[in-house]
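Residue numbers (my numbering): 441 to 859. Notes to accompany the following structure.
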Amino acid sequence: MKKILTFAAVLTALAAIMIFASGCSGSDDELYVYNWGEYISDGSEGSLDVISEFEDYYYELTGRTITVHYTTYPSNEDMYAKISAGTSSYDVIFPSDYMIERMISEGLLQSINIEEVCESYGVECNYQYIDDMYRGLFFDEDGEYSIPYTYGMVGIIYNTTMVDEADVEELLSDEDSTGWELLWNEKYSGKILQFNNSRDGFATAQYMLGIDVNSTLESDWRTALDKLLEQKPLVQSYVMDEIFNKMESGEAAIGVYYAGDYFTMLENNENLAFYYPSPTNVFVDCMCIPAESENPEIAALFINYMLSEEIAVANAEAIYYASPNSLVYTNEDYIEYMGEEAMEVLYPEGYNFSEELNAYAYRNLDSETLEVVSSLWEELKISGGMSFSVYVVFGVIAVVIIAAIAAVVVRKKKRERNY
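Spelled out as structure tokens, the structure:
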């Protein structure tokens with residue numbers, strides 16, 4: 441008994457030491473950042489690790505240590521579900537325009553007092569470098585809840601060794617074509633990737649059919665659903681970040697995704713090409729502070745840091761999205777690094793962003809329409825029975841069961857013969 445007590449005392453002492461050591465080595469402050477996947481310069485392939493740099497910057501500025509907890513999400517809807525559930529407390533998030541509009545209306549975001557915070561810390565306020573064209577947009581007219589991070593458009597990515605160039609040229613030269621039709625071309629059945637989120641997925645059909653992507657008529661959404669159901673037998677997979685591996689490896693021939701990500705894929709597969717359908721979605725992603733943030737002041741400081749020239753350029757070079765920050769798109773090193781093709785695709789000459797955004801961006805839908813969209817999307821995903829892979833799994837299970845039954849029968853017969 442004495443040995444047991446002694447051993448327990450040792451364990452207790454060790455636990456106390458570990459707790460003490462943990463407390464001593466812990467950070468003074470913490471920040472929780474929730475961003476899209478592959479949407480920041482993370483130190484890979486020689487890029488700048490902006491999260492680590494911020495931790496150093498914060499220490500130099502305040503004399504306090506900080507740990508940034510950085511996690512990612514695949515879509516606006518996934519992010520919204522987590523924030524609205526109130527089960528996790530994040531300090532900085534990166535939602536898109538229509539989602540910002542929704543979150544503001546539901547009280548899920550708080551004001552960003554970036555100028556006050558910068559003055560408090562004695563640092564330059566970098567918000568001044570955001571071009572006026574990207575301020576006061578429909579989803580946050582007073583610029584109270586959001587600060588632009590990137591913007592862009594949705595386009596078609598295809599593998600030139602798997603897709604007949606004549607098919608693409610025919611679409612782009614036909615005045616009656618929108619360019620979206622390539623996603624419905626039966627020639628490429630089983631090689632097409634579609635969005636795995638409702639707004640982007642429905643939009644591919646809505647833009648092609650001339651339906652308002654912000655319609656509140658259930659009949660319009662059902663028409664789009666019918667078109668997606670027509671496409672479904674041709675779709676290899678519904679994807680978000682999975683598109684990178686599938687297009688880079690040549691597993692798929694055609695995909696629909698955000699323009700900036702095309703250049704990331706192109707680095708790993710030189711056979712890829714890209715074009716914009718017309719019309720197509722125009723979007724802007726912003727940095728926001730959730731209402732439940734426990735560190736709004738540090739969050740605002742982080743956002744200002746993300747707008748500084750070195751960091752903003754590093755992010756723009758790493759993720760290949762267009763930047764609304766004049767420190768980025770006028771930076772000569774950035775322009776040279778991106779190259780002529782990327783600059784032409786990301787910053788089209790004569791392109792009026794605010795006009796296109798107002799015409800083709802997603803808007804926040806009323807709750808009734810959102811329920812319809814969610815229900816129809818689920819209908820799409822479960823329609824048409826099981827995928828081939830599921831049949832394979834069930835087939836394997838059936839074989840195993842049959843084999844097991846056969847083995848039992850054989851053993852039974854052996855026992856009978858023994859009798």
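Note that the Cβ used here is the ideal one computed from N, Cα and C, for glycine as well.
Rounded distance between the beta-carbons of residue j and residue i, thought under 8 Å
i	j	result
L649	A664	7 Å
Y697	I597	6 Å
Y561	L767	Contact doesn't hold; Cβ gap of about 19 Å is too wide.
L820	K672	7 Å
Y505	Y499	A small correction: the amino acid at residue 505 is Thr; Tyr does not occupy that position in the sequence shown. About 6 Å separates the two Cβ atoms, so the contact holds.
Proximity winner among the options, relative to residue i (alpha-carbon distances)
i	options	result
N771	V753, E796, F742	V753
I632	L816, A693, V563	A693
L548	S487, A731, M783, L820	A731
I635	Q676, E470, E615	One detail in the question is off: residue 635 reads as Phe in this sequence, not Ile. Of the candidates Q676, E470, E615, the one whose C-alpha sits nearest the C-alpha of F635 is Q676.
V508	Q671, I533, S492, T502	S492
I651	I743, F494, Y800, Y567	Y800
A645	T656, L669, L657, E658	L669
E626	N637, D616, D604, S638	D604
P764	E682, Y569, E796, W620	Y569
T618	Y769, A606, T720	T720
L797	E818, E780, F579	F579
N735	T809, N553, T656	N553
Y479	Y678, E784, F703	F703
I751	S467, G483, V473, N475	G483
F534	E517, E546, S545	E517
For residue j and residue i, the rounded distance between their alpha carbons
i	j	result
W661	Y628	26 Å
I738	V563	13 Å
E749	E757	12 Å
G641	Q550	30 Å
Y647	V653	7 Å
R542	S536	10 Å
S659	W624	21 Å
T600	S718	21 Å
L501	I540	31 Å
S515	S814	14 Å
V594	G477	17 Å
S481	G503	25 Å
Y862	Y774	The structure shown does not extend to residue 862, since the chain is modelled only from 441 through 859, so no value can be given for it.
I683	G630	14 Å
I743	E559	14 Å
W869	D531	A question about residue 869 goes unanswered here, because the residues of the chain that appear run from 441 up to 859.
M826	D681	Low per-residue confidence applies at M826: pLDDT is 39, beneath 50, and the placement is therefore not dependable enough to give any value.
S529	D469	14 Å
S467	G779	41 Å
E811	Y777	44 Å
Worksheet item: Are three or more beta carbon pairs between the region 585 to 603 and the region 720 to 735 nearer than 8 Å?
Response: Enough Cβ pairs lie closer than 8 Å, so yes.
Worksheet item: For the region 641 to 686, which segments carrying the beta strand (DSSP E) assignment without a break, of at least 3 residues, lie completely within its bounds, in sequence order?
Response: Fully contained in the region 641 to 686 are the following beta strand (DSSP E) runs of length 3 or more, in chain order: 675 to 679.
Discussion item. Could you check whether the region 801 to 814 touches the region 783 to 790, counting it as contact only if at least three pairs of C-beta atoms, one from each stretch, sit closer than 8 Å?
Written reply: Segments in contact, no.
Discussion item. With a threshold of 8 Å, are at least 3 pairs of Cβ atoms found where one atom belongs to the region 676 to 694 and the other to the region 709 to 720?
Written reply: Taking one beta carbon from each stretch, the region 676 to 694 and the region 709 to 720 have 3 or more pairs nearer than 8 Å; the two touch.
Discussion item. Quick test of the definition: if touching needs 3 or more C-beta pairs under 8 Å, does the region 568 to 585 touch the region 602 to 616?
Written reply: Three or more Cβ pairs closer than 8 Å define a contact, and the region 568 to 585 falls short of that threshold against the region 602 to 616.
Worksheet item: When the Cβ atoms of the region 520 to 530 are set against those of the region 486 to 502, are three or more pairs found closer than 8 Å?
Response: Under the Cβ criterion (8 Å, minimum of three pairs), the region 520 to 530 does not count as touching the region 486 to 502.
Discussion item. Quick check on the DSSP output: what are the complete alpha helix (DSSP H) runs of length 4 or more inside the region 581 to 643, in order along the chain?
Written reply: Within the region 581 to 643, the complete alpha helix (DSSP H) runs of at least 4 residues are 605 to 613.
Discussion item. I'd like the ranges of any beta strand (DSSP E) spanning at least 3 consecutive residues and lying wholly in the region 720 to 796.
Written reply: You should have 722 to 727.
Discussion item. Runs of 4 residues minimum, wholly inside the region 501 to 557: which ones carry the alpha helix (DSSP H) assignment?
Written reply: The region 501 to 557 is shown to contain whole alpha helix (DSSP H) runs of 4 or more residues at 516 to 525, 537 to 545, in chain order.
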